[in-house]
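Enquirer: Heads up, the sequence shown is in our numbering, so the first residue is -10 and it goes up one at a time.
Backbone N, C-alpha and C fix where the C-beta goes; we use that ideal spot for every residue, glycine too.
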Amino acid sequence: MVASVVLLSYALAFVMPSNMGRIALLMPIVAAMAKRAGIADGSRAWFGLALAVGFGTFQLSATILPANVPNLVMSGAAEGSYGIHLNYVPYLLLHTPVLGILKGLILIGLICWLFPGSPKPPRDLAPAEPMGRDEKRLAWLLAVVLGMWVTESWHGVGPAWTGLAASVIVMLPRVGFITGEEFSAGVNMRTCIYVAGILGLAIVVTQTGIGPAVGEALLKIMPLDADRPFTSFLALTGITTALNFIMTANGVPALYTTLAQNFSEATGFPLLSVIMIQVLGYSTPLLPYQASPIVVAMGLGKVPARAGMVLCLALAIATYLVLLPLDYLWFSVLGRL
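1) Considering just the uninterrupted stretch of the alpha helix (DSSP H) at S50, what are its terminal residues?
2) Give a yes or no on whether 8 Å exceeds the smallest Cβ distance from K291 to chain B.
3) Determine the extent of the alpha helix (DSSP H) in which V62 is found, giving its start and end residues.
4) Compare the beta carbon distance of A16 and P108 with 8 Å and say whether it is the shorter of the two.
5) Mind checking S262: buried by the 16 CB within 10 Å criterion, or exposed?
6) Taking Cβ positions, are T229 and Y271 nearer each other than 8 Å?
7) Would you identify the three-state DSSP class for R295, choosing helix, strand or coil?
8) Counting beta carbon pairs with one atom in the region 239 to 255 and one in the region 67 to 83, are three or more of them shorter than 8 Å?
9) What first and last residue would you give for the alpha helix (DSSP H) that runs through S(-7)?
10) Could you tell me whether the region 51 to 69 touches the region 99 to 107, using the rule of 3 or more Cβ pairs below 8 Å?
11) May I ask which residues mark the beginning and end of the alpha helix (DSSP H) holding H84?
12) Could you tell me the boundaries of the alpha helix (DSSP H) in which P242 lies?
13) Can you give me the start and stop residues for the alpha helix (DSSP H) that P17 sits inside?
14) So, are the CB atoms of F166 and L131 less than 8 Å apart?
15) Please identify the residue among N239, M236, M211, D216 whose C-alpha is closest to the C-alpha of K226.
16) Could you check whether the region 74 to 91 touches the region 24 to 44, counting it as contact only if at least three pairs of C-beta atoms, one from each stretch, sit closer than 8 Å?
17) Counting along the chain, where does the alpha helix (DSSP H) carrying G290 start and finish?
18) Going by C-alpha distance, which of I95, L1, A41, V19 is nearest V284?
19) I need the boundaries of the alpha helix (DSSP H) containing P108, first residue and last residue.
20) Starting from P333, trace the alpha helix (DSSP H) in both directions and tell me its first and last residue.
Shown next as structure tokens:
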């Protein structure tokens, strides 16, 4: 059951970019599944399912370019600072094998170990109702959007523009599915302003010279050496992890990306590869507060802070001991280092 929840959380990220939206959608569904399987609210098994939604939604979606805020911040900062445009498919290929599939398997194993339970198969299964006209239209629209994202390297239209166009279609009179009142009530504009502010921070750091100054300080401390590529890979991940304590996951890419040129010169890694290395760090929080979607899932599921901290630390340890070397190897196989 944990595996199905994690898989559903990951799969939904391909068609629904918002972490918060996916969590808001999945939590009632998972709660209904748990109730039918005889899992009581407040039990360790329920905590495991709620955390599967939060961790599966945030950590695994980092492998899909338009699927969470840190990725979008990184993409915007890379384009604004260096003119580098990130493409959907190459990004997916680089991160999915290790940070998507393998990390998902480790997450499932840890949840089953730390939060054991005994779900019971439901006796009565009601047949699903057929899809309505609006549901079918929305399904076709989502399929087109996903197709545009996957083929971005061919047509050159960025994921953000595709998503924006789909959003406009959804709100068109008579053609769309929601009214202006529903949009204003359901969309959190503070998040939009927050993302705009973070992207602005990246440009300010670059233009004012703060980025190079901080980069020089970090270059003197961290063991970045072109002759020791694995040590440099480890050090760059460590920098991202340290920044995660101060700025949280949404803010890390804004600063790290502006320093990437300095890191690239010190390590000998290509600039794009240096930018990509940070994904492992900001997608692996050591504490729940570093990733707001995890905090939201814990709040909706009434999960104790201790339970979230234990899973955060356990998954982080497994990631750094097992997945980090494999991620380095995968970068090397693809010729990125």
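Expert: Reading from the atomic positions:
1) Sequence index remark: in the sequence shown, residue 50 carries index 61 (1-based). Looking at the DSSP string, the run of the alpha helix (DSSP H) that includes S50 is 33 to 50.
2) The question asks about chain B, but that chain is absent: this structure has only one protein chain.
3) If you number the sequence shown from 1, residue 62 lands on position 73. 58 to 71 is the extent of the alpha helix (DSSP H) around V62.
4) On the sequence shown, residue 16 is found 27 positions in, with the first residue counted as 1. On the sequence shown, residue 108 is found 119 positions in, with the first residue counted as 1. Per the sequence presented here, residue 16 reads as Met, with Ala not at that position. In this structure, M16 keeps its C-beta atom at 8 Å or more from the C-beta atom of P108.
5) For the purposes of this step, residue 262 is taken as the residue at position 273 of the sequence shown. Buried, because 16 or more other Cβ atoms sit within 10 Å of the Cβ of S262.
6) Here residue 229 refers to the residue found at position 240 of the sequence shown. Here residue 271 refers to the residue found at position 282 of the sequence shown. Closer than 8 Å, so yes.
7) By one-based count along the sequence shown, residue 295 stands at place 306. Secondary structure of R295 (DSSP, three-state): helix.
8) Touching, per the Cβ criterion.
9) To locate residue -7, count along the sequence shown from 1; it is residue 4. Per DSSP, S(-7) belongs to the alpha helix (DSSP H) from -9 to 1.
10) No, the region 51 to 69 is not in contact with the region 99 to 107.
11) Residue numbering aside, residue 84 sits at position 95 when the sequence shown is read from its first letter. 77 to 84 is the extent of the alpha helix (DSSP H) around H84.
12) What you label residue 242 is simply residue 253 of the sequence shown in a count that begins at 1. Here the alpha helix (DSSP H) through P242 covers 218 to 247.
13) By 1-based counting over the sequence shown, the position of residue 17 is 28. Counting along the chain, P17 sits inside the alpha helix (DSSP H) bounded by residues 8 to 25.
14) Position 177 of the sequence shown, counted from the start, is the residue given in the question as residue 166. Position 142 of the sequence shown, counted from the start, is the residue given in the question as residue 131. The answer is no: Cβ separation not under 8 Å.
15) By 1-based counting over the sequence shown, the position of residue 226 is 237. The residue asked about is misnamed: residue 226 is Thr in this sequence, not Lys. Ranking N239, M236, M211, D216 by CA distance to the CA of T226 puts M211 first.
16) No contact exists between the region 74 to 91 and the region 24 to 44.
17) By one-based count along the sequence shown, residue 290 stands at place 301. Start and end: 281 to 290.
18) As a first step, residue 284 must be located in the sequence shown, where it is residue number 295. Considering only I95, L1, A41, V19, the residue with the shortest C-alpha distance to V284 is A41.
19) Within the sequence shown, the letter at position 119 stands for residue 108. Under the DSSP assignment, P108 falls outside any alpha helix (DSSP H); it carries neither an H nor an E label.
20) In this structure the chain extends from -10 to 326, so residue 333 is not present and cannot be described.
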